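Using the numbering used here, the letters of the sequence shown correspond one by one to residues 365 to 462. Since the structure comes first, as structure tokens, the remarks are kept for the end.
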Amino acid sequence: MATTVVVNFIAAEGKDKLLAESLTEIVEIIRGYHTCHNATLFVSEQTPSKMMIIEEWESSDEHQKFYADLKANGAFDQVAKLFSDFSFNYFEKDDEKI
Numbered sequence: 365m366a367t368t369v370v371v372n373f374i375a376a377e378g379k380d381k382l383l384a385e386s387l388t389e390i391v392e393i394i395r396g397y398h399t400c401h402n403a404t405l406f407v408s409e410q411t412p413s414k415m416m417i418i419e420e421w422e423s424s425d426e427h428q429k430f431y432a433d434l435k436a437n438g439a440f441d442q443v444a445k446l447f448s449d450f451s452f453n454y455f456e457k458d459d460e461k462i
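Structure, rendered in structure tokens:
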């Protein structure tokens, strides 16, 4: 089932711009993954240290595979130096309940 993933970040102090630049590059990688339908980066207007990526995947399992690959190749560790906190949540659209 199609899954929307919302990933929230809080930049480490003084790392707002660097995190935004790094996440922009990661979004391009995400978009190129064969089971990802879309990914968009958002930066808070009120608090530029808060950022969010909204991703559309074929399934949560596919996102978890991608995330494991990102960690295995070290790309995640490079970006992790730039944020103080992050979280992600999975959402399914349920047309019957909406």
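All C-beta atoms, glycine included, are put in the ideal place defined by N, C-alpha and C. Predicted, not measured: the structure shown is a model, and the values here were computed from it.
A distance below 7 Å between beta-carbons, with the five flanking residues on each side excluded, links Y454 to the following residues of its chain, in chain order: T367, V369, S424. In this structure L405 touches I417 by the C-beta definition: roughly 5 Å separates them, less than 8 Å. Residue pairing by DSSP places S451 opposite N372 in a beta bridge.
Take K457, set aside five residues on each side of it, and the residues of its chain with a beta-carbon closer than 8 Å to its own are A366, T368, in chain order.
Per DSSP, reduced to three states, the secondary structure at T388 is helical. One thing to note: I390 has its Cβ no nearer than 8 Å to the Cβ of F447.
Put simply, the backbone Cα of K379 is about 8 Å away from that of S413. A residue is called buried once 16 or more other Cβ atoms fall within 10 Å of its Cβ, and H401, having fewer, is exposed. Between the beta-carbon of S386 and that of V443 there is about 5 Å, and that keeps the pair under the 8 Å contact cut. In the structure shown, the three-state DSSP call for K414 is strand.
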